[in-house]
Ligand code: ADP
């Protein structure tokens, strides 16, 4: 495994499945949670090598006036352009991976959670000792995510379709949180896994 003295649980799931809600519960148990979305924003902050390469490649149109990355414009630029998308991924993925590795080394809790929406899509399972999938039926994903984001169901559906199919995700899971009940059930489900992970991390 990648990190000899760390026990890393990869937390993943489709949009609206309840990853953030589950992450928060692990944090409540004083477990270090590394959030891939936060890291993905950090690697392109003003002053980073990645951001200067992006602005050289795409031009200053992808920058806001204050020099920060305009993510919406960049997303539009790569949306229908596989060459540009691949270029961007080849730049960002190693930078994100490297920062994740540093963040994992810096953790101090008995085990840590690496929360990555696209853990499977981006082949990051080699970074983790176990894969925890948060799962619920697609109808619930659509309901929850559209309410949360104030976006329409068809946008959420297209995001679901861009992610790995539910069966594929479940097939690589070591543990599954079935989040099809009420929010109030999450603490108990997380606590059961917490006890298991503490034990596994010890061995
Ligand atoms: P993800 O991080 O996987 O996209 P979230 O944890 O943000 O999903 O959950 C999506 C939305 O659904 C949030 O507003 C959250 O509060 C809500 N939610 C999550 N789990 C449940 C549940 N079991 N019952 C009702 N609402 C839920």
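Numbering (the numbering used here), first residue to last: 52 to 254.
Using N, Cα and C, we set each Cβ at its ideal position, and we do this for glycine too.
In whole angstroms, what is the alpha-carbon distance linking residue i and residue j?
i           : j           : result
residue 62  : residue 227 : 10 Å
residue 66  : residue 110 : 31 Å
residue 79  : residue 199 : 22 Å
residue 121 : residue 205 : 24 Å
residue 81  : residue 183 : 18 Å
residue 223 : residue 175 : 12 Å
residue 250 : residue 77  : 15 Å
residue 32  : residue 202 : Any property of residue 32 remains undetermined from this structure, which presents the chain solely from 52 to 254.
residue 105 : residue 230 : 38 Å
residue 207 : residue 232 : 20 Å
residue 151 : residue 180 : 14 Å
residue 119 : residue 253 : 43 Å
residue 73  : residue 108 : 38 Å
residue 239 : residue 247 : 13 Å
residue 155 : residue 57  : 8 Å
residue 134 : residue 95  : 20 Å
residue 194 : residue 234 : 14 Å
residue 115 : residue 189 : 36 Å
residue 177 : residue 197 : 32 Å
residue 136 : residue 89  : 20 Å
residue 237 : residue 215 : 24 Å
residue 225 : residue 187 : 16 Å
residue 243 : residue 142 : 39 Å
residue 153 : residue 245 : 23 Å
residue 54  : residue 64  : 23 Å
Looking at chain C, is there any beta carbon in it that lies within less than 7 Å of the beta carbon of residue i?
i          : result
residue 60 : Annotation note: the requested chain C is absent from the structure, which comprises a single protein chain.
Could you say which of the options lies nearest to residue i if we only look at CA atoms?
i           : options            : result
residue 173 : 145, 164, 193, 190 : 145
residue 86  : 134, 201, 71       : 71
residue 149 : 93, 201, 232, 133  : 93
residue 117 : 97, 123, 135       : 97
residue 213 : 142, 171, 177, 180 : 171
residue 15  : 209, 191, 246      : In the structure displayed, the chain extends from 52 to 254; residue 15 sits before or after that span and is not available.
residue 241 : 193, 185, 194      : 185
residue 168 : 107, 56, 195, 210  : 210
residue 124 : 133, 134, 113      : 113
Pull up the CB-CB distance for residue i and residue j, whole angstroms please, since I reckon it's below 8 Å.
i           : j           : result
residue 147 : residue 91  : 6 Å
residue 84  : residue 166 : 6 Å
Hey, is residue i close to the ligand ZN, as in C-beta under 6 Å from one of its heavy atoms?
i           : result
residue 141 : Inclusion of the ligand ZN in the displayed structure is not the case, the ligand content consisting of the ligand ADP alone.
For the pair the stretch 123-135 and the stretch 152-163, tell me if three or more CB-CB distances fall below 8 Å.
Below 8 Å, too few C-beta pairs join the stretch 123-135 and the stretch 152-163 to call them touching: fewer than three.
Do three or more CB pairs link the stretch 202-222 to the stretch 90-109 at distances below 8 Å?
Contact annotation: the stretch 202-222 does not touch the stretch 90-109, with fewer than three C-beta pairs closer than 8 Å.
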